[in-house]
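Peer 1: Those protein sequence lines, which keep their order, are chains A and B.
The first sequence begins at 87 in the numbering used here and counts up one residue at a time.
The second sequence begins at 87 in the numbering used here and counts up one residue at a time.
For each residue, glycine too, the CB sits at the ideal point set by N, CA and C.
These figures come from a predicted structure and were not determined experimentally.
Number of protein chains: 2
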Amino acid sequence: MTTSTTPRLVLDGDAQDLLFRQARTPDRFTGEPVDDETVRAVHDLVRDGPTAFNQQPLRIFLLRSPESRERLAVHLSRGNREKTLRAPLTALLAVDKEFHRKLPELFPAFPGAADFYASDSALRKRSAVLNGALQAAYLIIGIRAAGLAAGPMSGFDEDGVDREFFPAGDLSALLVVNIGRPGQPAGRPRGPRLAHAEVCTTL
Amino acid sequence: MTTSTTPRLVLDGDAQDLLFRQARTPDRFTGEPVDDETVRAVHDLVRDGPTAFNQQPLRIFLLRSPESRERLAVHLSRGNREKTLRAPLTALLAVDKEFHRKLPELFPAFPGAADFYASDSALRKRSAVLNGALQAAYLIIGIRAAGLAAGPMSGFDEDGVDREFFPAGDLSALLVVNIGRPGQPAGRPRGPRLAHAEVCTTL
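(1) Looking only at its chain, what residues have a beta carbon closer than 8 angstroms to the beta carbon of G228 (chain A), apart from the 5 residues adjacent to it on each side?
(2) Closest by CA to T288 (chain B), which one among A:F147, A:V247, A:L260, A:P271?
(3) Tell me the DSSP secondary structure of T88 (chain B) in three-state form.
(4) Name, please, each residue of chain A whose Cβ falls closer than 7 angstroms to the Cβ of T111 (chain B).
(5) What first and last residue would you give for the alpha helix (DSSP H) that runs through A214 (chain A)?
(6) Using 8 angstroms as the Cβ pair cut-off and three pairs as the minimum, do the segment 256-269 of chain A and the segment 235-243 of chain A touch?
(7) Taking its Cβ as the centre, do 16 or more other Cβ atoms sit within 10 Å of G198 (chain B), making it buried, or is it exposed?
(8) Does F193 (chain A) come out as helix, strand or coil in the three-state DSSP assignment?
(9) With DSSP collapsed to three states, give me the class of F242 (chain B).
(10) Helix, strand or coil for R145 (chain B)? Go by DSSP, reduced to three states.
(11) Using a threshold of 8 angstroms, state whether the C-beta atoms of A235 (chain A) and A109 (chain A) are closer than that.
(12) Is T124 (chain B) helix, strand or coil by DSSP?
(13) Closest to R114 (chain A) by CA distance: which of A:D121, A:A195, A:Y203, A:R172 is it?
(14) Can you give me the C-alpha to C-alpha distance between R274 (chain B) and P194 (chain A), rounded to a whole angstrom?
(15) Applying the 10 Å Cβ sphere with the 16-neighbour rule, what's the burial state of T89 (chain A)?
(16) Under three-state DSSP, which class holds A235 (chain A)?
(17) Step through the CB atoms of chain B and report whether any lies within less than 8 angstroms of the CB of N140 (chain A).
(18) Based on DSSP bridge pairs, tell me the residues matched to A177 (chain A).
(19) Pull up the DSSP beta-bridge partners for P268 (chain B), would you.
(20) On the premise that A101 (chain A) lies in contact with L95 (chain B), defined as a C-beta separation below 8 angstroms, what is that separation, rounded to the nearest angstrom?
(21) Are Q142 (chain B) and L192 (chain B) closer than 8 angstroms when you measure CB to CB?
(22) Mark L105 (chain B) as exposed unless 16 or more other C-beta atoms lie within 10 angstroms of its C-beta, in which case mark it buried.
(23) Out of B:P253, B:G277, B:G246, state which residue places its alpha-carbon closest to the alpha-carbon of S163 (chain B).
(24) Going by DSSP, what residue range makes up the alpha helix (DSSP H) through T137 (chain B)?
(25) What do you get for R107 (chain B), buried or exposed, if any count of 16 or more other CB atoms within 10 angstroms of its CB means buried?
(26) Quickly, what does DSSP pair D98 (chain B) with across the bridge? List them, please.
(27) Give the interface partners of A195 (chain A) over in chain D, defined as CB-CB distance under 7 angstroms, in chain order.
(28) Quick check on A214 (chain A) - is its C-beta less than 8 angstroms from some C-beta in chain B?
(29) Taking 8 angstroms as the threshold (C-beta atoms), are L179 (chain A) and A222 (chain A) in contact?
(30) So who's on the other strand from T288 (chain A), going by DSSP bridges?
(31) What is the residue span of the alpha helix (DSSP H) that R172 (chain B) lies within?
(32) Using a Cβ-Cβ cut-off of 8 angstroms, state whether M87 (chain B) counts as contacting chain A.
(33) Using beta carbons (cut-off 8 angstroms, strictly below), is H186 (chain B) in contact with chain A?
(34) Looking only at its own chain, which residues have a Cβ that is under 7 angstroms from the Cβ of D119 (chain A), when we skip the five neighbours before and after it?
(35) Which whole-angstrom value is the C-beta distance of V160 (chain B) and V181 (chain B), which I expect to be below 8 angstroms?
(36) What number of angstroms, rounded off, separates the C-alpha of A177 (chain A) from the C-alpha of P152 (chain B)?
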């Protein structure tokens, strides 16, 4: 199974394959359900991932009822609808733009952290999106760590989803992630990745 | 070493510890250098992480010269300066807001993808930040996969960094990440994490 290893990495080749090298973003899943205990185990692993001031803005809405899935589907771009309605589990990821209220509890080492954010809602939104996206990526890795596949999607009407699911205005939709075991037919081959020299520059 | 395992996860306990459960964000590092081959191995692992339309907006600037480190340090918040000047390696992460120019090559399955972004620079910025942050998290995981520790920081003057490093205006600074082996003294204990019920809601 191991496609590549390098002595520079400590992580063993099977784990490299599971999390990155063999993992793919599927359009179709098998019918096998994803139970709550699996979601709990994934969260228990990835909750330790770092965020600024330990702010942890990500919120996860597990759309298990057909009604909740339909409420989301109308706001998805057309190409994302059917695969979302058919996925064993769909997670709507959102960020808490009022995360600063929890900072006295989450980051007691810097009591001024909440005040730093309190007066600037645009700063809070930017920080929530940046750190929520870090957490979303940890979650994708965690889903793969459970032997499952993640299908992240940003193709949806954010304002429409926010109005439908978060009318109080404290949360903003970030990403939708379908979760399950990859089904048939498998999708297209993996797209090309940028070469090291196109990404990394030494200064 | 294994602090916790669960049969719901396929990833073995040592890898769980390496990437999440035992990994920490240090303020101090040992003097051991981080060489280019290690950075290359990390990138080779995490480049496979998914992004929307395979857009891969993240760019990594490895600040190896004292001059480049000083150019950054003046724009960092005070608490981030000394640890950055002393870190074995500092990576300035930025996103390419003109990523759409590469989409015909990176996502040939949807030839209209570049046009979708071409006329809307605000959309491109949002997409670059979201997907660049996903890639930044993959990179943090990859640094840990190499047995190293990552110190991500968003406490810096973004406009100042952009003017200093990216005067052409096509790139925006996203995150600064110090990289090395954790030094002494170790930092504060890990901050509290939100409980599963505070993060996950079933609909």
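Peer 2: Taking the structure as given:
(1) As a working mapping, residue 228 (chain A) is identified with position 142 in the first sequence. Around G228 (chain A): V128, H129, L131, V132.
(2) Counting from one through the second sequence, the residue named residue 288 (chain B) turns up at place 202. Measuring from the Cα of T288 (chain B), the nearest candidate turns out to be A:F147.
(3) One-based indexing of the second sequence puts residue 88 (chain B) at position 2. Low confidence applies here, because T88 (chain B) scores a pLDDT of 47, under 50, leaving its location unreliable; read the following figure in that light. Residue state, collapsed to three classes: coil.
(4) Against the second sequence, residue 111 (chain B) aligns to sequence position 25. Correct list: P136.
(5) Working through the first sequence from its first residue, we reach residue 214 (chain A) at position 128. Start and end: 207-231.
(6) yes
(7) Here the question's residue 198 (chain B) lines up with position 112 in the second sequence. Per the 10 Å Cβ criterion, exposed.
(8) Locating residue 193 (chain A) in the first sequence gives position 107, where the first residue counts as 1. Reduced to three states, the DSSP call for F193 (chain A) is coil.
(9) As a working mapping, residue 242 (chain B) is identified with position 156 in the second sequence. If DSSP states are grouped into helix, strand and coil, F242 (chain B) belongs with the strands.
(10) Within the second sequence, residue 145 (chain B) is the residue found at index 59, counting from 1. Three-state DSSP puts R145 (chain B) in a strand.
(11) The residue you call residue 235 (chain A) lines up with position 149 of the first sequence. The residue you call residue 109 (chain A) lines up with position 23 of the first sequence. The answer is yes: Cβ separation under 8 angstroms.
(12) Working through the second sequence from its first residue, we reach residue 124 (chain B) at position 38. Three-state result, T124 (chain B): helix.
(13) In the first sequence, counting from the first residue as 1, residue 114 (chain A) sits at position 28. With distances taken between Cα atoms, R114 (chain A) lies closest to A:R172.
(14) Reading the second sequence from its first residue, position 188 is the one you call residue 274 (chain B). Reading the first sequence from its first residue, position 108 is the one you call residue 194 (chain A). Computed Cα separation, rounded: 11 angstroms.
(15) Numbered from 1 along the first sequence, position 3 holds the residue referred to as residue 89 (chain A). Any reading at T89 (chain A) must be qualified, since the residue scores a pLDDT of 49, below 50, and its modelled position is unreliable; the value itself is stated next. That one is exposed.
(16) Within the first sequence, numbered from 1, the residue matching residue 235 (chain A) stands at position 149. The answer is strand: DSSP assigns A235 (chain A) an E or B state.
(17) As a first step, residue 140 (chain A) is located in the first sequence; it is residue number 54 there, counting from the start. By this cut-off, N140 (chain A) is an interface position.
(18) Walking along the first sequence from the start, residue 177 (chain A) turns up at place 91. BP columns for A177 (chain A) point to A:L148, A:V263.
(19) Against the second sequence, residue 268 (chain B) aligns to sequence position 182. Partner(s): B:F115.
(20) Translated into positions along the second sequence, residue 95 (chain B) becomes position 9. Translated into positions along the first sequence, residue 101 (chain A) becomes position 15. 11 angstroms between Cβ atoms; not a contact.
(21) One-based indexing of the second sequence puts residue 142 (chain B) at position 56. One-based indexing of the second sequence puts residue 192 (chain B) at position 106. The answer is yes: Cβ separation under 8 angstroms.
(22) Along the second sequence, read from residue 1 onward, the residue named residue 105 (chain B) stands at position 19. Under this definition L105 (chain B) is a buried residue.
(23) Taking the first residue of the second sequence as position 1, residue 163 (chain B) is located at position 77. Answer by Cα proximity: B:G246.
(24) As a first step, residue 137 (chain B) must be located in the second sequence, where it is residue number 51. It is not in any alpha helix (DSSP H) - T137 (chain B) carries neither H nor E in the DSSP assignment.
(25) Indexing the second sequence from 1 puts residue 107 (chain B) at position 21. With 16 or more Cβ atoms within 10 Å of its Cβ, R107 (chain B) is classed as buried.
(26) In the second sequence, residue 98 (chain B) corresponds to position 12, counting from 1. None, per the DSSP bridge assignment.
(27) No chain D appears in this structure, whose protein chains are A and B.
(28) Position 128 of the first sequence, counted from the start, is the residue given in the question as residue 214 (chain A). Closer than 8 angstroms: no.
(29) Within the first sequence, residue 222 (chain A) is the residue found at index 136, counting from 1. Within the first sequence, residue 179 (chain A) is the residue found at index 93, counting from 1. Cβ distance < 8 angstroms, so A222 (chain A) and L179 (chain A) count as in contact.
(30) Mapped onto the first sequence, residue 288 (chain A) falls at position 202. According to DSSP, T288 (chain A) bridges with B:L148.
(31) Position 86 of the second sequence, counted from the start, is the residue given in the question as residue 172 (chain B). That run of the alpha helix (DSSP H) goes 164-172.
(32) The count along the second sequence starts at 1 and reaches residue 87 (chain B) at position 1. Reliability of the predicted coordinates at M87 (chain B) is poor, the pLDDT of 43 falling under 50, and the value obtained from them is presented with this limitation in mind. Cβ-Cβ to chain A under 8 angstroms: no for M87 (chain B).
(33) Taking the first residue of the second sequence as 1, we reach residue 186 (chain B) at position 100. Answer no: the Cβ-Cβ gap between H186 (chain B) and chain A never drops below 8 angstroms.
(34) Taking the first sequence and counting its residues from 1, one reaches residue 119 (chain A) at position 33. The question names Asp, but residue 119 (chain A) in the sequence shown is Pro. P174, listed in sequence order.
(35) The count along the second sequence starts at 1 and reaches residue 160 (chain B) at position 74. The count along the second sequence starts at 1 and reaches residue 181 (chain B) at position 95. Incorrect: roughly 22 angstroms between the Cβ atoms, too far for contact.
(36) The residue you call residue 177 (chain A) lines up with position 91 of the first sequence. The residue you call residue 152 (chain B) lines up with position 66 of the second sequence. Distance between the alpha carbons of A177 (chain A) and P152 (chain B) is about 45 angstroms.
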